[in-house]
Structure formats: C-alpha cells, structure tokens
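One structure is given here, and the rest of the page talks about it.
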Amino acid sequence: MSAPVVRFAPSPTGRLHIGNARTALLNFLLARREGGRFILRLDDTDLVRSTQEFADGIVEDLAWLGIVPDITVRQSERTALYDTAVERLIAMGRLYPCYETAEELERRRKRQLARGLPPVYDRAALKLTAEERARLEAEGRRPHWRFLLEHRVVRWHDLVRGDSHVDCASLSDPVLRREDGTYLYTLPSVVDDLDLGITHVVRGEDHVTNTAVQIQIIEALGGAVPAFGHHNLLTTASGEGLSKRLGHLSLKGLRDGGLEPMAVASLAVLVGSAEAVRPVASLDELAGLVDLGRLSHAPAKFDEAELEGLNARLLHAMPYETAKPRLVSLGADGGPAFWDAVRGNLVRMADVAMWWTVVAGEITPVVTDADFLAKARALLPEEPWDGSTWKRWTDAVKAETGAKGRALFMPLRQALTGLDHGPELAALLPLIGRAKVAARLEGRTA
Ligand code: GLU
C-alpha cells in the first residue's frame, strides 16, 4: 500500500461518542501503520448547529485518545472550492435547479407512497422551460440544486464488505445546494476528498448509499475514486444506535468517569472485529491488530460494563514508567514498589489515591481485638523491612497467639489499612513503615 491519506470528518454539532471514536481510530491506525497522513475535517457547513466549542471539544477528545491530526481543515473556509465544482457540474448538465418547496415535495412523496410507488424525486424540475423557470424566479422562488444521477448500478470493492453495489436508479437525485446557497454534506465531502488527495475513505456503513452517489459525482468531476471501506456500527448493549445525545457514551463522559484512553480505544476498535476484545497498551500495538477486511458485518454491541473490566486489566498490566506521570498528577507517586503493590487492586487510576493514603497518609485503624493487636505490636521486627518481613512477623504472631488463617490476617489488615480487602500486606508493610504500623496497632490514627 502506498502511504494512505485518510480523514475523519465529524460535524462540530456535538461531542464525539464511542462510535465516532471507532471511525476516527480505524482511520488513524491505518495511517499510523502505513506511514500515511490523517486529516481532521470539520464538517461545519451547518452554520447554525456547528459551534467553536464543539470543534474544540472534538480536538480535545481526539488528543485524549492519542490522535493528533497532521492537518485540520474546516469546510466553512472552503466554500470557494465547492462553488467552482457547482459551476462545473452545471456547465456539464449534471446539476439542475429545482423550485419545489418542502411542502410540495412532501405532498408528492405521500401521493407516490399512496400509489405504492417508491418516494423518489420525479425530476419534474428537469422538464421546466426557461420561461417557466423565469416565472418561478419572478415569484421570488430561489432554486435548490440537484445532481442528475445516472440510473445505473455503481460498483466498488469495499475494504470491509468486499464487492459492493448500489442501484442508483432507485435513488432520488440528491440536493447538493440549498436555496440560500449553503451546502448539504454530499458535495463538499467529495470536493474535499479530491482536493486533499484522500486515498481511503473509511466510515460507518450508514454511508453506503452516499458512496454510490459520491462515486458518480467524483466521476463527473473527473477525479480519482478513492478506496472506500464501511465499517459496522456500534450500538448500546441493548441494541440502540449511539447518538450525540447519549452523553455517558461520549468520550468526554468516559474520560470524566476516570477511564483510560487505551481501554476505550481497545474496545472501540476490537469490538466486532476478528480479534478478541482485550486491553491493548498502545496505539501502535492496536494498529497492528486492525484488519478492515475481517470486521464483522453485523452491528457490534458496545458494553460499558466490559469497558470497566478492560480498564482494570489495563491498569493491572501497566508498567510503572507508563503510570508515573499520572501518579505524579494524582499526588500518589510512591515509586515502582508502591505501584507494583497496588496496581492489581485498581479499577480506575484514581483509586490509587486511596492506597497512597494507606501507605503515606493517615487512616483510622479498625480495631476488633486490642489485646491481639498489642501482642502483634510487641513482636514487630526492627527495620529495615522488606518483602519477607510480613511472613517473619506473622509467623511469630501465630506462634505466640495460636491464631491462624483469617483470624490471624484479618485483624492485622483492618488495623493497618482500615479496610478488609486490598493489596498483599507483604508488599504494603514495608511501604507503610514501622512507625505507622506500630501506631495503627495501638488503634491510633496515623
Ligand atoms: N460529516 C459526515 C458524518 O459525520 C462525514 C461522513 C464521511 O466520512 O464522509 O457523517
């Protein structure tokens, strides 16, 4: 494959959700693996619904996933290119003016449906004479513009779905430009893909029909048709489609919920693929697992509960060097020994703060048997302590008191940590240190 140029093209009309992350990542990882380029294209032709805040949010959410675009373009700044394409299409007779109002179209559609006909635009405007058009314009009507589709089957080899085709005879001629001169999605996308030299268009399978239409427009404009791949869509665990309204599945929501970007990325990419869903530590490693040709063709269920499990597994396997900056920012950098002691007990990174308090802060011990703890205290070895101290100490306590198993360990755990579950005490003991351990065994907050 020569170096691909790909793009991710969200509209800045909402925050990105996990389904958008799938599209963004499939594109980004393809470019990353093949030494290509990744373009962020903000589809902001809808000036009313697009906002700068959402555009900034998209950039921020992508950066959180580790995606930094090589180039960012905004469609609102590229209108001149679209206008030129419109002129060319008009000149070649592939774009024609239409004057129907939305209500007229709706009435016509209902009539067609009532007669059992497909609700396809009947091309009435194509038959208007110059005089009729002039009369409509004199009434104050402004035209919208439709692309004249060739009624033929369009075929392409889809990167995901293999040989694909759409019969354009069953489609309405798409409106490319509205009455007020603004553009709908279809044409700007084609013009930008050609202008930016996009080699691979990887997007959701909700765009399959658009692809047939867009291939016809590309051919009309004399451009090179890129490779197209339509990946399966994600649904919620109960099978609903994802939408921008489902805030908790937004990347921002997942990040605010304390999840690791690689846990989210691993699930977004691997669910509904030929690979088992598992936590993958880096985008480079994930790039090696992407195989568009082996994605499932059925919708893939995105299960938030699964995400939590992946997050935990990712943390359990995370080396100290990777965790260090996060530990520093959480004020819980206790070095490799601390990280190795506690990482196996984390579901979310923020949980580490609790164990840092146990090791370096103050906790109130839980005392169930003060006499037993006093005996244990008297048997505490002198420092220096290491990983073998716990065994040496508890062997001595066992010999002295006769307690064993849970009766031996639980009162010690509760006194030393204030909790009845947690990391191996053998690892925690030297980190807590003799002074705190002795105080806690006396029931003192320390
Ligand atoms: N703005 C379009 C969307 O979000 C882009 C589709 C495409 O990739 O061409 O659906």
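Quick note: the sequence shown, position 44, residue 1530 per our numbering, numbers continuous.
Where is the CB? At the ideal position from N, CA and C, for every residue including glycine.
Return the CA-CA distance between residue 1920 and residue 1888, expressed in angstroms with no decimal places. 23 Å
Any heavy atom of the ligand GLU closer than 7 Å to the beta-carbon of residue 1495? yes
State the CB to CB distance for the pair residue 1932 and residue 1868, rounded to an integer number of angstroms; the pair is presumed to be in contact (CB under 8 Å). Contact flag wrong, Cβ pair sits at about 18 Å.
For the alpha helix (DSSP H) that residue 1850 lies in, which residues bound it at each end? Segment: none, residue 1850 is in no alpha helix (DSSP H) and carries neither H nor E.
Check this for me: beta carbons of residue 1782 and residue 1758, under 8 Å apart or not? yes
Going by alpha carbons, who is nearest to residue 1876 out of 1895, 1756, 1858, 1727? 1895
Looking at the strands, I want to know which residues DSSP matches up with residue 1557. 1525
Kindly list the residues whose CB is nearer than 6 Å to the CB of residue 1775, restricted to its own chain and excluding five residues on each side of it in sequence; keep chain order. Cβ neighbours of residue 1775 beyond the five flanking positions: 1761.
With distances taken between CB atoms, is the gap from residue 1524 to residue 1572 smaller than 8 Å? no
Would you decide whether residue 1576 is buried or exposed? Buried here means 16 or more other CB atoms lie within 10 Å of its CB. exposed
What is the DSSP secondary structure of residue 1500, reduced to helix, strand or coil? Judged by DSSP in its simplified three-state form, residue 1500 adopts coil rather than helix or strand.
Buried or exposed: where does residue 1603 fall if 16 or more other Cβ atoms within 10 Å of its Cβ makes it buried? exposed
What is the DSSP secondary structure of residue 1931, reduced to helix, strand or coil? Note: residue 1931 maps to coil in three-state DSSP.
Is the beta carbon of residue 1933 sitting closer than 8 Å to the one on residue 1899? The question about residue 1933 has no answer here: the residues shown for the chain are numbered 1487 through 1932.
Residues bridged to residue 1583 (per DSSP): 1631
Excluding the 5 residues preceding and the 5 following residue 1712 in the sequence, name in chain order all residues of the same chain whose CB lies nearer than 7 Å to its CB. 1679, 1684, 1685, 1686, 1687
Pair within 8 Å by beta-carbon distance, residue 1901 and residue 1859: yes
Indicate the three-state DSSP secondary structure (helix, strand or coil) for residue 1736 in the structure shown. In the displayed model, residue 1736 falls within a strand according to three-state DSSP.
Quick check on residue 1786: does DSSP put it in helix, strand or coil? In the structure shown, the three-state DSSP call for residue 1786 is strand.
Can you list, in chain order, the residues of its chain with a C-beta nearer than 7 Å to that of residue 1818? Leave out the 5 residues immediately preceding and following it. 1838, 1839, 1842
Counted within 10 angstroms of its Cβ, other Cβ atoms place residue 1533 as buried (16 or more) or exposed: exposed
Using 8 Å as the threshold, is the segment 1607-1615 in touch with the segment 1699-1713, meaning 3 or more CB pairs across them? The segment 1699-1713 and the segment 1607-1615 do not touch, with fewer than three beta-carbon pairs separated by less than 8 Å.
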